[in-house]
Amino acid sequence: MSAEMETVIGLEVHVELSTKSKMFCGCLNEFGAEPNTHVCPVCLGMPGTLPVINKRAVEYLCKSGFALECTVAPFSKFDRKNYFYPDMPKNYQISQYDMPLTTGGRVVLPSGKAIRLNRIHLEEDTGKNVHAGGHMTTSEATLIDYNRAGVPLMEIVSEPEIGSPDEAEQYLMALRDVMLYIGVSDVKMHEGSLRCDANVSIRPVGAKELGTKTEIKNMNSFKSVVAALEHEISRQRACAASGERIVQETRGWDEVRGLTYSMRSKEQAHDYRYFPDPDLPPLSLDEATLKRWRSELPELPAQRRERFMTQYGLPQYDAGVLTQSRFDADYFEAVASASGDSKQASNWLMGDVRKSLEGHGLTLSTSKMTPAALGQLISMVKSGAITGKAAKEVCDVLVADGGDPKAIVEQRGLAQVSDESAIAAIVDKVIAAQAESVAAYKGGKAKALDYIVGQVMRESRGRANVDVVKRLLTERLG
Amino acid sequence: METGHDIRDAIARRDRSAEEVTRAALDAIGRVEPSLRAYITLLPERAMAKAREVDAKIAKGEAIGKLAGVPTAVKDLFCLKDALTTCGSKILANFKPPFSSTVVQRLDAADAVIVGKTNMDEFAMGSSCENSAFFPTHNPYDLEGVPGGSSGGSASTVGARSVPLAVGTDTGGSIREPASFCNIVGVKPTYGRVSRYGMIAFASSLDQAGPMTADVRDAADLLGAIAGFDPMDSTSVDVPVPDYGAGLRDDLKGVRIGIVRDFEESIAVDPKMAKLYKDAYEDLAKLGATFVDVTLPHAKYGLATYYLIAPAECSSNLARYDGTRYGVRKDGDADVYAMFDKTRTAGFGDEVKRRIILGTYALCSGYYDAYYVRAQKVRTLMKNDFDAAFAACDVIACPAVSCPPFELGAKSDPVAMYLMDYFTIPMSLAGIPAMSVPGGFVDGLPVGLQICAPAFEEARMLAVAHAYEQATRHADKLQPVVS
């Protein structure tokens, strides 16, 4: 093997839609309930039961399609995908085969590269096997929780245009951001509301044909997607380098051992025997409905990022961070408006607020600090009511406990002191106590003044007006 | 023969109590059950409770349903809450659904008294009621003969006069053929007219529930009670349900009846059967009907088409019976797939397995286009045939069956059995309403006349059948051996 090899990745992403009820019945669609409490004859596939399409799920999928620039089909149908598995109540999954709800579309990465989409289709989720002994092969019994069975799931299939594990991660994050923005899913990987399978192959750079691909399943975090892809690519490269044939197969990802392993080969591949579900008439959507759904879409992350850069003059990085979630972006705009200073709003959110949130293990959405409070705090700094240093302390209190910045300032005695006589008293006290530094300064060490200023500020608990302090010191130390 | 509407009127007039009627029906069933074996499960307590409820309503002067107090049997594939619902299969021998089918709910709402669940070919696959996993049902006019299938239990109990009303299901002829064999009225409504919710599926795009009754008026009343849109069934159609009883008539003046030339050629090979249908058409003519020749050029592909589509759907519909969640489970030592395997091997009968295999094959990726897709295209052609025929006539009259009831065990070749549905399958594939009404006798055994109409024109079909029935009264001419 002499030619330089390149990686080709295609992702199939499953996103659970956060509708109130399941895809084909009225059961609650809710994560974390007691096993088998959100089930009914329909989602359990009891004999005689029939599916009824959840219109909200169709709406959510179409909105996702519009947000990702897909073509939404006014006419589609549901098919049955037949295979046996105990977590699947009917032993077929209602899905969409040759007439999905959307086709085409694209996901734009922060780099500007666009990954084209093949399709997005709607299907129902399966239940969950719980192996009593912890592992499938060693457990005494397998219990099944059907709460998830019938939850609406959309499958977003990309074209094989993702060039690296890093791009795969960016792609997933971009998808997550869009879904969160339009509010169709909570996209929590650890709760399984976003899951991903990857098709991976390598080929000589410049080659048009795809190499033999493997499909990796069972990746349940952004980190494991990257790790699994990295491992699989190096495995394939090693195969290619040693002249070994890469086998087309399905591979699992072993999180613990950090490697992919063979699950089934092409020869054992399922024949799903797709055919149109005779229990469901074809789905036709009228133009007016589609138009309405499109008009209800909010501003999307990429558009908002652009606007933040032009409207608020934010650098690309800040705009990117602040628009990652709709909540954060809305928050920023509220702070900018409350403080009347978008640059400061951005500085605070990107700096001290972030640090404080991390320290308390919070996010903007879980913190009790309101945008109005933060806006007020920023105004107080600008007007000289408090010093920047005191403001940091107030900010930390706001992040942890919420409240009114004015009240906190008062309660903690953090108001800025600009009164000359009060500051002069402290200055004199410090000069007296810091004879060594004073001597050093007088001896030509300009830096020593900073230290003395710092001591005065410390003595005033950060409240003294620093300009006044500096002026008085230079006056006195001549 | 005592009809459901006679009983209902008598109860409404307080000539008889519902309790009295129900007890009499349960007694009648009990007397003949050893010879007929029409029921898988009897529900005497539920029936008596419902009868008392009806009587209480009448005593209080409350409004009562259209079927108030009328003893009614339902095929054992209609889910009935907490009652055994086996679908004639060992795999569901212990299954008690936690909900009731829409048909059962509507019968309850119409104040019908459900007396029991009738025997059937396993998963509604069969034309003789010999494919029940439990026992065969006998024909009340010839205890050595079959009642027809798959709704044989329902046909047998109505034919024996034990109850005036029963509900059956028809996928390729399973209401019409046993109705013909048991000298009763059997109606397969338009696909989508009656909700399939809670009806254990065989072939979803063909299954349709319908009345099996003592006379046409009862069929009209029963259909009126169970028909209509159901939000739980996405294939049920939201069109108004007319008062079928009000549209019944006694003459056929101005009615144009289509006679299917293709069918006449097939039936001509049996002179006795040919004669019976010739007489039936003459009776229709006497009532004032005029005739037009119509043709169904694709009818000869009906069986082949049906035996691709129905098994394909059944292979998928029956996949859920794996022993995991309900029904009978056989433990496998190796893994869950061994459990599925053993459960399904032990739980399904030969005919069901045959169709699952046939359907699985037809849906396989390499054969899908050649079989399933092609069959769906033929199905469309079949619909077009009927559209063309109904452009020239109001209803079509034709044979319901090619022979009178045959003896139990007489047809061991599955294909010979499939041929039983030759005259009923085309209407099923086209989704149009069709019914069998007693048409006379061959060798002392009953044979039905089939009448069919355009989609959602059940009223027109019932009106024609009623005029014919009132003029001929074939059902009254022959008494069952047991009753």
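Listed in order, the protein sequences are those of chains A and B. Residues in the first sequence are numbered from 1 upward in steps of one, following our numbering. Residues in the second sequence are numbered from 479 upward in steps of one, following our numbering. Each residue gets a CB set at the ideal place from its N, CA and C atoms; glycine is no exception. Since the structure is predicted, the reported quantities are computational estimates derived from the model, not experimental observations.
Beta-carbon contacts of residue i that lie in its chain and below 7 Å, excluding the five residues immediately before and after
i, result
"Asp277 (chain A)", "Phe78, Asp79, Arg80, Ile94"
"Ser652 (chain B)", "Ala602, Gly627, Ser628, Ser629, Gly646"
"Ala657 (chain B)", "Ala633, Val663, Gly664, Met690, Ser914, Gly926"
"Thr71 (chain A)", "Thr102, Thr103, Gly104"
"Leu414 (chain A)", "Ile386, Ala390, Glu393, Val394, Arg463"
"Val942 (chain B)", "Leu730, Val733, Val873, Ile929"
Where the beta strand (DSSP E) containing residue i begins and where it ends
i, result
"Leu643 (chain B)", "643-648"
"Phe919 (chain B)", "912-920"
"Thr950 (chain B)", "Run containing Thr950 (chain B): none in the beta strand (DSSP E); it sits in the alpha helix (DSSP H), 936-950."
"Asp434 (chain B)", "In the structure as shown, chain B begins at 479 and stops at 961. Residue 434 (chain B) is therefore absent and cannot be evaluated."
"Tyr171 (chain A)", "Here Tyr171 (chain A) belongs to no beta strand (DSSP E); instead the alpha helix (DSSP H) covers 165-182."
"Tyr261 (chain A)", "259-265"
"Cys70 (chain A)", "From DSSP, Cys70 (chain A) is part of no beta strand (DSSP E); its letter is neither H nor E."
"Cys196 (chain A)", "194-204"
"Leu300 (chain A)", "Careful: Leu300 (chain A) lies outside any beta strand (DSSP E) and carries neither H nor E."
"Ser158 (chain A)", "152-158"
Range of the contiguous alpha helix (DSSP H) that encloses residue i
i, result
"Glu287 (chain A)", "287-295"
"Gln236 (chain A)", "222-241"
"Gly375 (chain A)", "371-383"
"Tyr517 (chain B)", "That residue, Tyr517 (chain B), is in no alpha helix (DSSP H); its beta strand (DSSP E) goes 517-520."
"Tyr755 (chain B)", "749-764"
"Val247 (chain A)", "First-last for Val247 (chain A): undefined, no H or E at that position."
"Met487 (chain A)", "Nothing about residue 487 (chain A) can be reported from this structure: the residues present for chain A run from 1 to 478 only."
"Lys389 (chain A)", "388-401"
"Asp467 (chain A)", "466-477"
"Gln411 (chain A)", "405-412"
"Ala551 (chain B)", "Ala551 (chain B) -> not in any alpha helix (DSSP H); beta strand (DSSP E) instead, spanning 549-553."
Close Cβ partners of residue i (< 8 Å) along its chain, the five nearest in sequence each way excluded
i, result
"Met5 (chain A)", "Ile202, Arg203, Pro204, Val205, Arg237, Ala240"
"Tyr845 (chain B)", "Tyr839"
"Tyr171 (chain A)", "Leu11, Val107, Leu109, Ile115, Ser158, Ile162"
Sequence-distant residues of the same chain with beta carbon closer than 6 Å to residue i, five excluded per side
i, result
"Arg294 (chain A)", "Phe66"
"Val335 (chain A)", "Ala345, Pro371, Leu374, Gly375"
"Ser961 (chain B)", "Ala638, Arg639"
"Thr481 (chain B)", "Pro642, Ala692, Asp693, Asp696"
"Ala506 (chain B)", "Ser640"
"Ser18 (chain A)", "Ser185, Asp186"
"Met1 (chain A)", "Since pLDDT at Met1 (chain A) reaches only 45, below the 50 mark, its modelled position is unreliable, and the value read off the structure follows with that caveat. Within the same chain, Met1 (chain A) has close Cβ partners Ala240, Ala241."
"Met40 (chain A)", "The question names Met, but residue 40 (chain A) is Cys in the sequence shown. So the qualifying residues of the chain are Cys25, Cys27."
"Pro789 (chain B)", "Arg833, Leu836, Gly837"
Can you give me, in chain order, the residues of the segment 30-55 of chain A that have a beta carbon less than 9 Å from any beta carbon in chain B? Hits within the stretch, in order: Cys40, Pro41, Val42, Leu44, Gly45, Met46, Pro47, Gly48, Thr49, Leu50, Pro51, Val52, Ile53.
For the segment 564-578 of chain B against the segment 914-928 of chain B, do three or more pairs of beta-carbon atoms, one drawn from each stretch, fall closer than 8 Å, so that the two count as touching? With the cut-off at 8 Å, the segment 564-578 of chain B and the segment 914-928 of chain B do not touch.
Ranges of the alpha helix (DSSP H) found wholly within the segment 654-702 of chain B, counting only runs of at least 4: Taken in chain order, the unbroken stretches of alpha helix (DSSP H) that lie wholly in the segment 654-702 of chain B and span 4 residues or more are 654-659.
Name, going along the chain, the residues of the segment 909-921 of chain B whose beta-carbon falls closer than 8 Å to a beta-carbon of chain A. So nothing in the stretch comes that close.
Is the segment 745-752 of chain B close to the segment 778-785 of chain B, with three or more CB pairs under 8 Å? Too few Cβ pairs lie closer than 8 Å, so no.
Where are the beta strand (DSSP E) runs, 3 residues long or more, that stay fully inside the segment 306-365 of chain A, in chain order? Taken in chain order, the segment 306-365 of chain A contains no complete beta strand (DSSP E) segment of 3 residues or longer.
Taking a Cβ distance cut-off of 9 Å, strictly less, list which residues of the segment 271-305 of chain A are near chain B, in chain order. Considering only beta carbons, the part of the segment 271-305 of chain A lying closer than 9 Å to chain B consists of Asp271, Tyr272, Arg273, Tyr274, Phe275, Pro276, Asp277, Pro278, Asp279, Leu280, Pro281, in chain order.
Residues, ordered as in the chain, of the segment 68-94 of chain A that lie near chain B by beta-carbon distance below 8 Å: Considering only beta carbons, the part of the segment 68-94 of chain A lying closer than 8 Å to chain B consists of Arg80, Asn82, Phe84, Pro86, Pro89, Lys90, Asn91, Tyr92, in chain order.
For the pair the segment 157-170 of chain A and the segment 218-236 of chain A, tell me if three or more CB-CB distances fall below 8 Å. With a cut-off of 8 Å, the segment 218-236 of chain A and the segment 157-170 of chain A count as touching, because enough Cβ pairs lie within range.
Check whether the segment 436-449 of chain A and the segment 387-406 of chain A touch, using three or more Cβ-Cβ pairs below 8 Å as the test. Contact fails: fewer than three Cβ-Cβ distances are below 8 Å.
Quick check on the DSSP output: what are the complete alpha helix (DSSP H) runs of length 4 or more inside the segment 801-872 of chain B, in order along the chain? For secondary structure counted as the alpha helix (DSSP H) over 4 or more consecutive residues, the segment 801-872 of chain B holds these complete runs in sequence order: 814-825, 828-841, 852-868.
Below 8 Å between beta carbons is the criterion; list the residues of the segment 669-691 of chain B that meet it against any residue of chain A, in chain order. Residues passing the 8 Å Cβ filter: Arg674, Tyr675, Gly676, Met677, Ile678, Ala679, Ala681, Ser682, Ser683.
What beta strand (DSSP E) runs, 3 residues minimum, are completely inside the segment 87-114 of chain A? As far as the segment 87-114 of chain A is concerned, its whole beta strand (DSSP E) runs of at least 3 residues are 92-95, 106-108.
Count the C-beta pairs between the segment 807-825 of chain B and the segment 854-871 of chain B that are closer than 8 Å, then say yes if the count reaches three, no if not. The segment 807-825 of chain B makes no contact with the segment 854-871 of chain B, as fewer than three CB pairs between them are under 8 Å.
Can at least three beta-carbon pairs, one atom from the segment 862-872 of chain B and one from the segment 613-620 of chain B, be found at a separation below 8 Å? No, they do not touch.
With three or more beta-carbon pairs closer than 8 Å as the criterion, would you say the segment 756-772 of chain B touches the segment 519-536 of chain B? Touching, no.
Tell me which residues of the segment 842-855 of chain B have at least one Cβ-Cβ distance to chain A shorter than 8 Å, keeping chain order. So the close ones are Cys842, Ser843, Tyr846, Tyr850.
Can we say the segment 153-162 of chain A touches the segment 112-122 of chain A, given the rule of at least three CB pairs closer than 8 Å? Contact holds between the segment 153-162 of chain A and the segment 112-122 of chain A, because three or more Cβ pairs, one in each stretch, are under 8 Å apart.
Mind checking the segment 545-569 of chain B against chain A and listing, in chain order, the residues whose C-beta falls within less than 9 Å of any C-beta there? Listed by position, the residues of the segment 545-569 of chain B near chain A (Cβ gap below 9 Å) are Leu555, Phe556, Cys557, Thr563, Cys565.
Given 8 Å as the limit, is there contact between the segment 273-290 of chain A and the segment 40-59 of chain A, that is, 3 or more CB pairs closer than that? The answer is yes - the segment 40-59 of chain A touches the segment 273-290 of chain A, with three or more Cβ pairs under 8 Å.
Members of the segment 707-730 of chain B near chain A, C-beta cut-off 8 Å: Of all residues in the segment 707-730 of chain B, Pro709, Met710, Asp711, Ser712, Thr713 have a Cβ within less than 8 Å of some Cβ in chain A.
What residues in the segment 771-791 of chain B bring their beta carbon closer than 8 Å to a beta carbon of chain A? Of all residues in the segment 771-791 of chain B, those with a C-beta nearer than 8 Å to a C-beta of chain A are Ala790, Glu791, reading in chain order.
Indicate whether the contact test is met: 3 or more Cβ pairs, each with one atom in the segment 394-410 of chain A and one in the segment 350-360 of chain A, closer than 8 Å. Yes, the segment 394-410 of chain A is in contact with the segment 350-360 of chain A.
I'd like to know if the segment 617-624 of chain B and the segment 578-598 of chain B are in contact, where contact means that at least 3 CB-CB pairs between them fall below 8 Å. Output reads no: the segment 578-598 of chain B does not touch the segment 617-624 of chain B.
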